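With numbering that gives the first Met the number 0, the residue at position 140 of the sequence shown is 139, and numbering never jumps.
From the three backbone atoms N, C-alpha and C, an ideal C-beta is built for every residue, glycine too.
Since we're looking at a predicted model, the values are computed, not measured.
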Amino acid sequence: MHSLNIPDGIDQDRRRFLGTAAMAVAATQLGLVAPAAAQQATEEPATPFGPLNQIDAGVLSVGYAEAGPTDGPAVILLHGWPYDIHTYVDVAPLLASKGYRAIVPYLRGHGTTRFLSSETVRNGQQSAIALDIIALMDALKIGKATIGGCDWGARTACIVAALWPERCKALVSVSGYLIGSQEANRMPLPPKAELQWWYQYYFATDRGQAGYEKYTRDFAKLIWQIASPKWTFDNSTFDRSAAAFDNPDHVAIVIHNYRWRLGLAEGELEFKELERRLAQSPIITVPTITLEGDANGAPHPEPSAYAKKFSGKYQHRLIEGNIGHNLPQEAPQAFAQAVIDVEGF
């Protein structure tokens, strides 16, 4: 583990960078370039990304932002819970300005992403979400991409890298190796560690489901504050992301995700073999950089606990400066530089 020194390629001063012409040029590209099969989303107002795109992929119609040239190296950036695509609102322009094609999708249950059928199970288990990303890559005709993620997105990125390494050029994962299993989650933790997962146990109850449905935004804001205690985000920043939680399937996906982890909700049979493989904690062979903020208030493993899960070229970076759980939004230059660096391993 070491603190990160940002190379000259990306300025450490966010405000100074935001004033550069490179940012202005890159920002104009956001959401404006998409394959012919994609449609512009019309269900929500334009975001700072520009108009979003929509494409059918697997069981979903996926809403996503896109930045940079269509022939640039593809980078897929995955958000977590309770966050949305704005986790990468500053990362995507940084990568676009360097010639990358950055794609930022809403995960199932978030934003403009919708199930194509009312009959599809609202399943939040880890393998189902990972397959969504494979389906999106297929729909966009992307054979291989660097994949970066945070929170649920980091888990999803790790799963793609582990199970489909031929589709993953390189990996950038906040908080490291996050692949889990129901069997492992049956093991009790010390009381202090269990306390950090209070919301998981809350969601296991009918009261918790009703409470999250009634107080979704209040709940999400509390998680933001706990997970990033040093991040002084304003109301407009939070509200911009919280709009993604108005998705009609949001509560169902979140509740199923956490109940499935504890073995309190069933998964689907079609994912049984994938979950069996994931339960074995497969080694990740693609080049990887893991990141951790120095003020992450959310539950997260120590880097030493997962370093041996990466057998390819690997580096861990501690990002200093009171950086919390939502690292790509709190330290976009550091995250973008990791994407650039991992491709050069």
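Counting the other Cβ atoms within 10 Å of the Cβ of Tyr82 gives 16 or more, which makes it buried.
With 16 or more neighbouring CB atoms inside 10 Å of its own CB, Asn325 falls in the buried class. By the neighbour-count criterion, in which a residue is buried when 16 or more other Cβ atoms sit within 10 angstroms of its Cβ, Ile75 is buried. Assignment of alpha helix (DSSP H) within the region 168 to 226, counting only whole runs of 4 or more residues, yields 181 to 184, 190 to 195, 197 to 202, 205 to 213 and 215 to 226 in chain order. Unbroken beta strand (DSSP E) stretches of 3 residues or longer found wholly inside the region 249 to 333: 287 to 292 and 313 to 318, given in chain order. DSSP places Tyr82 in the coil class of the three-state scheme, outside both helix and strand.
Per the coordinates, the alpha-carbon of Cys167 lies some 34 Å from the alpha-carbon of Tyr200. A check of alpha carbon separations from Ala241 across Tyr105, Ala66 and Val61 identifies Tyr105 as the nearest. Below 8 Å, enough C-beta pairs join the region 95 to 115 and the region 48 to 67 to call them touching: three or more.
DSSP, reduced to helix, strand and coil, places Asp131 within a helical segment of the structure shown. Of all alpha-carbon atoms in Ser180, Thr215, Val250 and Ile128, the one lying nearest the alpha-carbon of Ala56 is that of Ile128. Bridge partners of Ile141 according to DSSP: none are assigned. A Cβ-Cβ distance of about 4 Å is found for the pair Pro286 and Phe344, placing them in contact under the 8 Å criterion.
Taking the Cα positions, Asp70 is about 29 Å away from His315. Distance from the Cα of Pro331 is smallest, within the candidate group Trp80, Glu182, Glu291 and Ala134, for Glu291.
Thr86 is the residue among Ala101, Thr86 and Lys97 whose C-alpha sits nearest the C-alpha of Glu329.
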